[in-house]
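A.B. asks: Let me give you the structure first, and then I'll get to my questions.
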Amino acid sequence: MDAFSSRGTSKRWRGRGALGFLRAIAFSVLVVFALFAGLTMSVGDRLIFYPDSGGDWTAPRRSNLPIEEIEFQSGDGVRLYSWYLRAEGAGPTVLFLQGNAGNITDRLDVLAALSEIGADAFFLGYRGYGRSEGTPSEKGLYLDARAAVRYLTQERGVAPNRLALMGESLGCALAIELASQERCGGVVLQSPFTSVRDMAARVLPLFPAHWFLKTKFDNLSKIASVSAPILFFAARHDEVVPFSQTRRLFEAAPGEPTWVEFDDGGHNDLFSRHRSEWKQVVSAFLERACAGK
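Reading the sequence shown from the start, the letters are residues -12 to 280 in my numbering.
Structure (structure tokens):
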């Protein structure tokens, strides 16, 4: 009888030991998960926005481009520093909304290209980028973009149907947000993504970071509300924004959007590799979309 009791006790202890071990593992996993969740919520925007306050701010003068240095206030009073180029003739005006890294000094070649096709160009300096005040956030950048439209239409007299919104990567989210709520002549989207959540799921497939990100930039849910003509640029081998996301956004767009893809080049060199074709496509699109007087 004593031997039987001893064996039973041994089995119970082994069972309790195994259960305790599993509980310890589960607790450790939950702790790690909670830490990652907290880290994602606290520093999420730092993983999305990469502003730079440097750059060559004297380059426009040396390039002989007629660029005005513009300072104006965003909707919440943040001072923004931007560039405005007035081309010769009566072409449309392009509001250029850059990607998430650097600042407008890195896009001088795009500014020159727009000037060459006869378009006025306003290069918005987001809050926290370049010489602008503030700290970038989804809400803040939406305010900045709306303030730029208000400046162009109210202060410079640009007719909404003569205004084109041009987004580059993250800037596409601002262009889509604006075009879904305000009148414009056309929208140019270069390497747009479906949403930040989809991008997070791609970058961290084993951790659901998208559950905890405050920043959404949900382009897919807004694209159907855009009534203006849309031009899409995509690089088939884009190493940052999956080609499939850009294509999915195109397929969800209303009307008959224009699709242009390139087999070579990637996210950051699409324009530099295809400058001539880019100019031709953009020029034809602007002429068609912003033809109204």
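Even for Gly, the Cβ is constructed at its ideal location relative to N, Cα and C.
Do residue 47 and residue 54 have their C-beta atoms closer together than 8 Å?
C.D. replies: In the sequence shown, the residue the question calls residue 47 occupies position 60. In the sequence shown, the residue the question calls residue 54 occupies position 67. Contact: yes.
A.B. asks: Contact between the region 71 to 79 and the region 226 to 235 is defined here as three or more beta-carbon pairs at a separation below 8 Å; is this criterion met?
C.D. replies: As far as the Cβ criterion goes, the region 71 to 79 does not touch the region 226 to 235, which means the pair count is below three.
A.B. asks: Relative to the C-alpha of residue 264, which residue among 209, 238, 276 and 220 is closest?
C.D. replies: Against the sequence shown, residue 264 aligns to sequence position 277. Checked all of 209, 238, 276 and 220; the closest Cα to residue 264 is 220.
A.B. asks: Where are the beta strand (DSSP E) runs, 3 residues long or more, that stay fully inside the region 61 to 149, in chain order?
C.D. replies: The region 61 to 149 contains these whole beta strand (DSSP E) runs: 66 to 72, 80 to 84 and 107 to 110.
A.B. asks: Compute the distance between the beta-carbons of residue 37 and residue 87, then report whether it is under 8 Å.
C.D. replies: Counting from one through the sequence shown, the residue named residue 37 turns up at place 50. Counting from one through the sequence shown, the residue named residue 87 turns up at place 100. It is a contact, given that the beta carbons lie within the stated cut-off.
A.B. asks: Based on the DSSP secondary-structure assignment, which residues constitute the bridge partners of residue 173?
C.D. replies: Here residue 173 refers to the residue found at position 186 of the sequence shown. Paired residue(s): 151.
A.B. asks: Sorted by chain position, which residues of the same chain lie with C-beta nearer than 8 Å to residue 29's C-beta, five sequence neighbours on each side aside?
C.D. replies: In the sequence shown, counting from the first residue as 1, residue 29 sits at position 42. Only weak support exists for where residue 29 lies, its pLDDT of 45 falling under 50; the value from the coordinates is given anyway. Contacts found: none.
A.B. asks: Determine the closest residue to residue 39 out of 157, 113 and 212, with distance taken between C-alpha atoms.
C.D. replies: Numbered from its first residue, the sequence shown carries residue 39 at position 52. Taking only the C-alpha atoms, the option nearest residue 39 is 113.
A.B. asks: Please classify residue 164: is it buried, with 16 or more other beta-carbons within 10 angstroms of its beta-carbon, or exposed?
C.D. replies: One-based indexing of the sequence shown puts residue 164 at position 177. So residue 164 ends up on the buried side.
A.B. asks: Using 8 Å for Cβ pairs, my map puts residue 150 next to residue 172. What's the rounded Cβ distance?
C.D. replies: Walking along the sequence shown from the start, residue 150 turns up at place 163. Walking along the sequence shown from the start, residue 172 turns up at place 185. Contact holds; Cβ gap of about 6 Å.
A.B. asks: Enumerate in chain order the residues of its own chain whose CB-to-CB distance from residue 152 is below 6 Å, with the five nearest sequence positions on each side excluded.
C.D. replies: Working through the sequence shown from its first residue, we reach residue 152 at position 165. Answer for residue 152: 82, 162, 165, 166, 171 and 174, listed in chain order.
A.B. asks: From residue 245 to residue 49, what does the alpha carbon distance come to, in whole angstroms?
C.D. replies: As a first step, residue 245 is located in the sequence shown; it is residue number 258 there, counting from the start. As a first step, residue 49 is located in the sequence shown; it is residue number 62 there, counting from the start. Between residue 245 and residue 49, the C-alpha separation is close to 36 Å.
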